[in-house]
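Undergrad: Mind looking over this structure? Questions follow.
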DNA sequence: ATGTAATCGAGACGGTACGTCACGTCTTGTT
DNA sequence: AACAAGACGTGACGTACCGTCTCGATTACAT
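Set out below in structure tokens:
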């Protein structure tokens, strides 16, 4: 219904910026639609007009600032995985950065539709990049041919997420390396 | 401050039962403290007197009904793991059962303290049971000696949780079996 | 803080009407802010936005329906006073009408600010009307020149209020007449 | 039902003292049954067992400390009235003392039964003392024989109460004297 | 002197209302 | 038409007291 051609880009940016600021500065509980609107100097209706839920605002704010995922391909699979896994583990370990993950996860749990969007728009590139790298390795014979690459990707990111949510152990480079070791052991020919 | 010796066991049970009923019957958003109190025929203060947050009520309700974890030890590690992983995958795949996981996860994300309690009281027994089974297998030489058993446990449960949260694929017995296959491949001597 | 220009006149009227209805129908103890809001079909916040206490709602409701005070001036001071005093005594004697006086008095006793408003907005017109009538009579030589007219007004209304509050005797026309007799005796030249 | 012979005089005194202390120290709104019990170091039930409402506690606390009313009879009616009216006006003018009047008045307005008790037990002695003094004066020919002494008493105390409740003017000795003047003018033969 | 029954302190309990917060919708000018 | 502003009905929040109730632990009376 809303006419996107008339949309104020200025308000849109103010809202997304306000959302990111509030995510970084305050408790997630304080990050309400009203707070975003107030912080952005925007009417609440302007938010409701363009997004259906708070989670979508957060998602768009995050996708906007996401750096395009480029996975290195040095030829050395283990080194390449180590790099990406170390980076991911570091991100989950950083309280500042993981605040956004917290927020997004809560929203995903309340809205299946959003969960799909987060998966496809935010995470898929990352997951696919790893998968693609694994596919290359498989073609090069570094990985057994019957390995389920989608599952292998989950073997990498699932444990990190699990450990992060449960505070089930330290999120250190050593942990990242151990994880890579075990996953590679699972797929080596 | 409250005097636990004078606590009404009847009210406590009514509250925990009401919480479970609401979790099973309704949307998580409708599962408010007021709704629990009303359903239990109890004053709100009686809830606030004994629990600090809704998540603690849910946790206690769930721990109360948790069946003690017994992991089979048939001598066949793969068969044993298959059984427990299939059961876990089935649980996450069942919308009814996973409603409680949703609720608890949301609460954990809002309260680190609760996250610790959930980990230690609810999940630890399950995780440790698997770990213990792996330890037995390692002593029997079915697993390489340098495997990090804690990490292996995460390799099993992390992907399930990851797939469930992201709706990243079907949660079927076949998936469970594939997961066990890959994990075992990682740890076989 | 609230923007009075955007105020809903419809809600305002519904609230004041509900307040009057509840005063007439129910016990004063049941006349809560929540009950007013429910009866008016209005959010509690809409009451709190525009009034600070229940007493202010009642005051505004009563001033809204107050009939303008017109004191007769037949030339016969005694007859005129008799009329107004009889009416006042009848009002205090009527359980229905005195319910509002009860309510308002309780509120006045809990809030000095409100007491002043009730005095100035609700009672002052009545008191001043009597005082003015007395002033006319004084100019006509029917009242001694050194009479303190403010005090004379209190001599009239004070005893009525006193008797009403203490149930210290009947509130009848005969009482009204006796009161007028004595007060006039006090001020005749 | 309760057996008064077993009643703890110590608790009774503690409750009445606590009530008076709270009346003097705090806002009337903070003077709850729970606050009295806590301050007195007494169980709530001990209050409910012996009094039906908060107002009765206050009443008993006040009657307990009331000084017996003795009205002077110097032979000079005007001087005698001036004394008692000045004292009354001073009491109403003192914020500390009038706090108890406030409390009691609120309770009276919520409970007719209590109103009667306050009238008969607390105020009657004072009112009757004045009335008796007036009766003596009437026998001595200082007051016209057809004066309604009950009404005259109301002419004295009603205006004070009225002025106090409405903050309708200063409560000073000059006011007291003016009041006596006018009342005496009303009853002189 | 010794049960035994009521009072006592303490405070948990089911309720009701409080006053606040944020929701998502709506209305009112402004741009 | 979108916008800032914010009032609106709704409903949950967490708190304060209400008046009732159950708990041992003192009492003080009747056996």
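Chains as they are written, first to last, in our numbering: chain R, 176 to 364; chain E, 176 to 364; chain U, 176 to 364; chain L, 176 to 364. Every residue gets a Cβ at the ideal spot worked out from N, C-alpha and C, and that includes glycine. Bear in mind the structure is a predicted one, so any value in this text is a computation, not a measurement.
(1) Could you tell me the distance, in whole angstroms, from the CA atom of residue 292 of chain U to the CA atom of residue 303 of chain U?
(2) Taking 8 angstroms as the cut-off, decide whether the C-beta atoms of residue 364 of chain R and residue 331 of chain R are in contact.
(3) Count the other C-beta atoms from every protein chain shown that fall within 10 angstroms of the C-beta of residue 223 of chain U, then say buried if there are 16 or more, exposed otherwise.
(4) How about residue 290 of chain L and residue 203 of chain L: are their beta carbons less than 8 angstroms apart?
(5) Just to confirm my understanding: we take residue 351 of chain E, look at its own chain, exclude 5 residues before and 5 after, and list those with CB closer than 6 angstroms. What are they?
(6) Please classify residue 272 of chain L: is it buried, with 16 or more other beta-carbons within 10 angstroms of its beta-carbon, or exposed?
(7) Touching or not, the stretch 210-229 of chain R and the stretch 241-249 of chain R, by the rule of three or more beta carbon pairs under 8 angstroms?
(8) Where do the ends of the alpha helix (DSSP H) carrying residue 273 of chain U lie?
(9) Buried or exposed for residue 182 of chain L, going by 16 or more other Cβ atoms inside 10 Å?
(10) Does DSSP put residue 295 of chain U in a helix, in a strand, or in coil?
(11) Please go through the same chain and pick out, in chain order, the residues whose beta-carbon is closer than 6 angstroms to the beta-carbon of residue 306 of chain L, but skip the five residues on each side of it.
(12) List the endpoints of the continuous alpha helix (DSSP H) containing residue 223 of chain E.
(13) Skipping 5 residues on each side, what residues in its chain have a beta carbon closer than 8 angstroms to that of residue 287 of chain U?
(14) State the CB to CB distance for the pair residue 198 of chain U and residue 280 of chain U, rounded to an integer number of angstroms; the pair is presumed to be in contact (CB under 8 angstroms).
(15) Look at residue 179 of chain E and residue 217 of chain E and say whether their C-beta atoms are less than 8 angstroms apart.
(16) Please confirm whether residue 334 of chain E and residue 359 of chain E have their CB atoms less than 8 angstroms apart.
(17) Between residue 325 of chain U and chain L, is there a C-beta pair that is closer than 8 angstroms?
(18) In angstroms with no decimal places, state the Cα-to-Cα distance between residue 234 of chain U and residue 294 of chain U.
(19) When burial is assigned at 16 or more other CB atoms within 10 Å of the CB, is residue 283 of chain R buried or exposed?
(20) Examine chain U for any beta-carbon lying closer than 8 angstroms to the beta-carbon of residue 360 of chain L, and answer yes or no.
(21) Could you spell out where the alpha helix (DSSP H) holding residue 229 of chain L opens and where it closes?
(22) Residue 297 of chain L to residue 238 of chain L, Cα distance in whole Å?
(23) Is the Cβ-Cβ distance between residue 313 of chain R and residue 255 of chain R less than 8 angstroms?
(24) Return the chain-ordered list of same chain residues with a C-beta closer than 7 angstroms to the C-beta of residue 321 of chain L, the five sequence neighbours on each side being excluded.
(25) Rounded to whole angstroms, how far is the Cβ of residue 214 of chain E from the Cβ of residue 193 of chain E, which I believe are closer than 8 angstroms?
(26) Assuming residue 326 of chain R contacts residue 357 of chain E (C-beta within less than 8 angstroms), just tell me the rounded distance between them.
(27) Scan the stretch 326-342 of chain U for residues whose Cβ lies nearer than 8 angstroms to a Cβ of chain L and list them as they occur along the chain.
(28) Hey, out of U/341, U/315, U/191, whose CA is closest to residue 408 of chain U's CA?
(29) With H, G and I counted as helix, E and B as strand and the rest as coil, what does DSSP make of residue 186 of chain L?
(30) Restricting to Cα atoms, I'd like to know which of L/195, L/268, L/212, L/210 is closest to residue 344 of chain L.
(31) Count the other C-beta atoms from every protein chain shown that fall within 10 angstroms of the C-beta of residue 176 of chain E, then say buried if there are 16 or more, exposed otherwise.
(32) At the level of alpha carbons, what is the spacing between residue 311 of chain E and residue 250 of chain E?
(33) Please classify residue 212 of chain U as buried or exposed, where buried requires at least 16 neighbouring CB atoms within 10 angstroms.
(34) Could you name the residues of the stretch 258-292 of chain U whose beta carbon sits closer than 8 angstroms to any beta carbon of chain L, in the order they occur along the chain?
(35) So that I know if they touch, is there some Cβ in chain E lying closer than 8 angstroms to that of residue 203 of chain R?
(36) Quick check: the Cα distance between residue 230 of chain R and residue 230 of chain L, rounded to an integer number of angstroms?
TA: Here's the rundown:
(1) Rounded to whole angstroms, residue 292 of chain U to residue 303 of chain U spans 15 angstroms at the Cα level.
(2) Their beta carbons are not under 8 angstroms apart, which means residue 364 of chain R does not touch residue 331 of chain R by this criterion.
(3) Burial is judged here by how many other beta carbons sit within 10 angstroms of a residue's own beta carbon; residue 223 of chain U has fewer than 16 and is exposed.
(4) Going by beta carbons, residue 290 of chain L and residue 203 of chain L fall outside the 8 angstroms limit.
(5) Within the same chain, 260, 261, 264 come within 6 angstroms of residue 351 of chain E by CB-CB distance, once the 5 residues on both sides are set aside.
(6) Exposed.
(7) Verdict: no, contact absent.
(8) Note, residue 273 of chain U: alpha helix (DSSP H), 270-285.
(9) Counting every other CB atom within 10 Å of its CB across the protein chains shown gives residue 182 of chain L a total below 16, marking it as exposed.
(10) DSSP places residue 295 of chain U in helix when its eight states are reduced to three.
(11) Excluding residues within five positions, the ones whose Cβ falls inside 6 angstroms are 324, 328.
(12) For residue 223 of chain E, the enclosing alpha helix (DSSP H) starts and ends at 219-225.
(13) Cβ within range, chain order: n/a, list empty.
(14) Going by Cβ atoms, the distance from residue 198 of chain U to residue 280 of chain U rounds to 13 angstroms, so no, they are not a contact pair.
(15) In this structure, residue 179 of chain E sits away from residue 217 of chain E, with a CB-CB distance that is not shorter than 8 angstroms.
(16) No, they are not a contact pair.
(17) Among the CB atoms of chain L, one or more fall inside 8 angstroms of the CB of residue 325 of chain U.
(18) A straight line joining the alpha-carbon of residue 234 of chain U with that of residue 294 of chain U spans about 10 angstroms.
(19) The residue is buried, with at least 16 neighbouring Cβ atoms inside 10 Å.
(20) Judged by the 8 angstroms Cβ criterion, residue 360 of chain L is in contact with chain U.
(21) From DSSP, the alpha helix (DSSP H) with residue 229 of chain L extends over 229-240.
(22) About 6 angstroms.
(23) In this structure, residue 255 of chain R does not lie closer than 8 angstroms to residue 313 of chain R by Cβ.
(24) So the list is empty, once near-sequence residues are dropped.
(25) In this structure, residue 214 of chain E and residue 193 of chain E form a Cβ contact; the two beta carbons are roughly 4 angstroms apart against a cut-off of 8 angstroms.
(26) Contact flag correct, Cβ pair sits at about 6 angstroms.
(27) For chain L, the residues of the stretch 326-342 of chain U that bring a beta carbon within less than 8 angstroms of one of its beta carbons are 326, 327, 329, 330, 332, 333, 334, 335, 336, 337, 338, 340, 341, 342, in chain order.
(28) No statement about residue 408 of chain U is possible, as the shown extent of chain U runs from 176 to 364 and does not include it.
(29) Three-state result, residue 186 of chain L: helix.
(30) Of the candidates L/195, L/268, L/212, L/210, the one whose C-alpha sits nearest the C-alpha of residue 344 of chain L is L/268.
(31) Flag for residue 176 of chain E reads exposed.
(32) Rounded to whole angstroms, the gap between the alpha carbons of residue 311 of chain E and residue 250 of chain E is 9 angstroms.
(33) Per the 10 Å Cβ criterion, buried.
(34) Cβ contacts with chain L come from 277, 280, 281, 283, 284, 285, 287, 290, 291.
(35) Interface annotation, residue 203 of chain R: in contact with chain E, CB-CB separation under 8 angstroms.
(36) Taking the CA atoms as reference points, residue 230 of chain R sits about 55 angstroms from residue 230 of chain L.
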